Amino acid sequence: MAAAIIALVWANSPWSAQYFAFWHTQIRLGFGEWMITEDLHWWINDALMVVFFFVVGLEIKREILVGELASVRQAALPIAAAAGGMLLPALFYMSLNTSGQGTSGWGVPMATDIAFALGVMALLGSRVPLALKVFLTALAIVDDIGAVLVIALFYTSSISWLFLAVAAGILFLLFAVNVLGIRNLMVYFILGVCLWLAILSSGLHATLAGVLLAMAIPASRKINRADFLQKAHDDIYAFENAGESNQRLLSASQQEALISLETTVENMEAPLQKMEHILHPWVVYVIIPLFALANTGVVIGENFSALLLDRVSLGIIAGLVLGKQIGVTTAAWIAVKLGFAELPAGITWRDIYAVGWLAGIGFTMSLFISELAFANDAELNSAKVGILCASLFAGLIGYALLRQFVRKDRNSDNTGGENTLISPEVSEQNVKGL
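Each position in the sequence shown, counted from 1, maps to that position plus 111 in the working numbering.
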């Protein structure tokens with residue numbers, strides 16, 4: 112959010128020309144004849160954002176394997192809610208943009224920014240039931256899957272079947288490496304770069320390489336919990352009994368025990384979780400702020416009312432503000448009434464409705480799709496204004512509703528559970544026991 116504000120202030124300051132010129136700075140990377148020369152804006156949107164989509168892909172795979180999407184029964188409610196939260200916003204947008212250059216922007220209000228939505232919910236702390244946080248996370252993950260499919264199917268240039276075949280071959284090789292039990296992350300990095308280059312040349316958007324690569328990352332451990340505990344205990348015991356070390360360096364025996372312990376830890380941790388843990392801070396604190404800084408700058412000035420009242424902007428606002436909350440709530444209600452899903456324990460329909468408002472925070476993904484949907488600066492600027500205004504409004508209303516609903520539920524719930532207070536003595540005993 113700070114990066115977005117800086118971009119807006121910079122773009123409307125006396126240094127506005129420098130803002131736009133900066134993102135068009137040419138950068139050349141590669142070696143020999145294999146060079147890519149593009150501006151900084153391209154490197155952020157088509158290269159760094161691949162890492163963002165890679166982490167999204169890792170989250171999707173984790174949720175499918177062990178999370179809220181692991182079973183049909185668990186996944187039914189967030190899938191239905193996400194489907195309604197994607198379909199209705201697109202219909203709202205298209206109803207206001209039936210013709211003209213704005214028609215291509217129907218995918219913009221379909222997206223939900225999982226980081227901002229969960230961030231707003233996190234402001235309420237432990238008062239929010241865990242089940243509701245899980246529901247919002249699963250909904251946003253399914254929404255991301257939908258956004259990726261929309262980008263792949265509808266926002267691509269002409270297809271080069273030769274490079275698409277090359278990409279398919281690299282992807283097959285990645286899965287083969289996984290099946291063979293190779294866990295060296297450098298192998299996946301090298302093949303991932305090759306996959307990115309192939310998809311970039313195929314005409315599909317390069318960021319799809321991130322999601323596809325994530326699907327090939329190993330998600331299993333080499334040893335089980337009992338073996339890990341025993342082996343780690345043996346390694347620590349060997350280190351402890353290896354004698355005293357030099358003040359600067361370990362002894363040979365200690366070094367051997369330490370290397371064995373490192374191998375034991377590596378075998379216990381799935382590469383998927385390791386890569387997600389390593390990359391998540393970089394995505395949150397570097398890539399997304401850079402993306403916001405490069406893409407939210409729009410010259411407003413006296414044109415703000417014109418940009419805000421443009422059909423593109425109004426369509427996005429209608430989609431994110433109205434379409435999301437109505438689509439999420441209605442689709443979830445239909446799924447429960449038809450028996451396809453069930454409402455999680457401790458969650459009310461008021462909570463689902465509040466989450467529907469939070470799902471209207473499009474921001475990152477909506478901005479990304481708008482960059483693909485609009486080639487004309489006029490429509491793109493209107494889209495950015497609509498995304499920022501709609502996301503801000505939906506976030507504030509969602510927060511206010513959730514705060515009110517959670518307070519009511521807590522005041523009326525005296526049966527225990529997550530919101531029940533415990534005595535300091537019991538809390539201290541639990542901490543000591545842990």
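Don't be surprised by glycine CBs; every beta carbon is placed ideally from N, CA and C. Predicted model only: the values in this text are computed from it and were never measured.
Cut-off 8 Å between Cβ atoms - residues of its own chain near residue i, not counting five sequence neighbours on either side
i: residue 465; result: 509, 512, 513, 516
i: residue 441; result: 195, 199
i: residue 447; result: 188, 453, 454
i: residue 387; result: 166, 169, 170, 173
i: residue 334; result: 342, 375, 378, 379
i: residue 62; result: Shown here, the chain extends from 112 to 545; a query on residue 62 therefore has no answer.
i: residue 400; result: 113, 114
i: residue 150; result: 134, 135, 136, 137, 138
i: residue 181; result: 174, 175
i: residue 458; result: 240, 242, 243, 246
DSSP-derived helix/strand/coil call for residue i
i: residue 401; result: helix
i: residue 413; result: helix
i: residue 124; result: coil
i: residue 431; result: helix
i: residue 524; result: Low confidence applies to residue 524: its pLDDT is 48, below 50, so where it sits in the model is not reliable, and the reading given next is rough at best. Note: residue 524 maps to coil in three-state DSSP.
i: residue 316; result: coil
i: residue 321; result: helix
i: residue 472; result: coil
i: residue 453; result: coil
i: residue 440; result: helix
i: residue 301; result: helix
i: residue 426; result: helix
i: residue 238; result: helix
i: residue 333; result: coil
i: residue 157; result: helix
i: residue 326; result: helix
i: residue 487; result: coil
i: residue 514; result: helix
i: residue 493; result: helix
i: residue 360; result: coil
Residues that DSSP places opposite residue i in a beta bridge
i: residue 142; result: 145
i: residue 137; result: 150
Element boundaries [alpha helix (DSSP H), containing residue i]
i: residue 185; result: 183-207
i: residue 467; result: 460-469
i: residue 295; result: That residue, residue 295, is in no alpha helix (DSSP H); it is neither H nor E in DSSP.
i: residue 219; result: From DSSP, residue 219 is part of no alpha helix (DSSP H); its letter is neither H nor E.
i: residue 348; result: 336-351
i: residue 287; result: 272-290
i: residue 165; result: 160-177
i: residue 378; result: 363-379
i: residue 232; result: 225-233
i: residue 387; result: 382-393
i: residue 262; result: 241-265
Contacting residues, own chain, Cβ-Cβ under 7 Å from residue i (five flanking each side not counted)
i: residue 267; result: 314, 315, 316
i: residue 154; result: 138
i: residue 461; result: 516
i: residue 323; result: 282, 306
i: residue 346; result: 368, 371, 372, 375
i: residue 294; result: 329, 382
i: residue 504; result: 432
i: residue 484; result: 215, 216, 218, 219, 266
i: residue 354; result: 362, 364
Sequence-distant residues of its chain with Cβ nearer than 6 Å to residue i (five each side left out)
i: residue 311; result: 317
i: residue 141; result: 147
i: residue 426; result: 204, 207, 208
i: residue 225; result: 251
i: residue 502; result: 472, 473, 474
i: residue 190; result: 253
i: residue 115; result: 403, 407
i: residue 539; result: Since pLDDT at residue 539 reaches only 41, below the 50 mark, its modelled position is unreliable, and no value is offered.
i: residue 451; result: 187
Would you call the segment 262-277 and the segment 313-324 touching, i.e. three or more CB-CB distances under 8 Å? Between the segment 262-277 and the segment 313-324 there are three or more C-beta pairs closer than 8 Å, enough to call the two in contact.
Taking contact to mean 3 or more Cβ pairs, one atom from each stretch, closer than 8 Å, check whether the segment 411-430 and the segment 369-383 are in contact. No, the segment 411-430 is not in contact with the segment 369-383.
State whether the segment 203-212 contacts the segment 426-438, with contact taken as three or more CB pairs (one from each stretch) at a distance under 8 Å. These segments touch.
Touching by the beta-carbon criterion (3+ pairs, under 8 Å), the segment 482-492 and the segment 272-290: Verdict: no, contact absent.
At least three beta-carbon pairs within less than 8 Å, the segment 400-414 to the segment 122-129: In the pairwise beta carbon analysis, the segment 400-414 is classified as touching the segment 122-129: at least three pairs are separated by under 8 Å.
Given 8 Å as the limit, is there contact between the segment 230-238 and the segment 152-166, that is, 3 or more CB pairs closer than that? Contact fails: fewer than three Cβ-Cβ distances are below 8 Å.
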